[in-house]
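In the UniProt record's numbering, the protein residues as written are 1 to 110.
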């Protein structure tokens, strides 16, 4: 019983320190990020890649096409970035000498 009496004040003090009183954090709304990013569709046909991107949002999106070629000796490419304004579309194209391993589009907020 003595052990409980000696630990009770310590336990209560730890609980008070770890649990802040109601209202300390307030009722802040959870911030939702603004929607962003052009929707891109990538088509691979043999050694050629075409990406068509459309931006339905208000912020400009800077997109760039990246192509990784299948063959070790084939040069991978990172295309020049293009700005896609609100309600605008852009076409990006690139190629490998032989087969395409993978292709993707990167996005950057302007």
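Glycine included, C-beta positions come from ideal geometry on N, C-alpha and C.
(message) Nearest by alpha-carbon distance to residue 102: which of 82, 110, 75 is it?
(response) In the chain shown, the residue the question calls residue 102 occupies position 102. When only C-alpha atoms are compared, the closest one is 75.
(message) Assuming contact is defined by CB atoms lying nearer than 9 Å, are residue 61 and residue 32 in contact in what I supplied?
(response) The residue given as residue 61 occupies position 61 in the chain shown. The residue given as residue 32 occupies position 32 in the chain shown. Going by C-beta atoms, residue 61 is not nearer than 9 Å to residue 32.
(request) Between the Cα of residue 47 and those of 98, 58, 67, spot the shortest distance and give me the residue it belongs to. (result) Reading the chain shown from its first residue, position 47 is the one you call residue 47. For residue 47, the nearest C-alpha among the options comes from 98.
(message) Taking 9 Å as the threshold (C-beta atoms), are residue 105 and residue 63 in contact?
(response) Taking the first residue of the chain shown as 1, we reach residue 63 at position 63. Taking the first residue of the chain shown as 1, we reach residue 105 at position 105. Their beta carbons are under 9 Å apart, which means residue 63 touches residue 105 by this criterion.
(request) Measure the alpha-carbon distance for residue 38 versus residue 73 and round it to whole angstroms. (result) The count along the chain shown starts at 1 and reaches residue 38 at position 38. The count along the chain shown starts at 1 and reaches residue 73 at position 73. Answer to the nearest angstrom: the Cα atoms are 32 Å apart.
(message) For a test of the three-state rule: what should DSSP assign to residue 83, helix, strand or coil?
(response) In the chain shown, counting from the first residue as 1, residue 83 sits at position 83. Note: residue 83 maps to strand in three-state DSSP.
(message) If you follow the beta strand (DSSP E) that residue 76 is in, where does it begin and where does it stop?
(response) Here residue 76 is taken as the residue at index 76 of the chain shown, counted from 1. First-last for residue 76: undefined, no H or E at that position.
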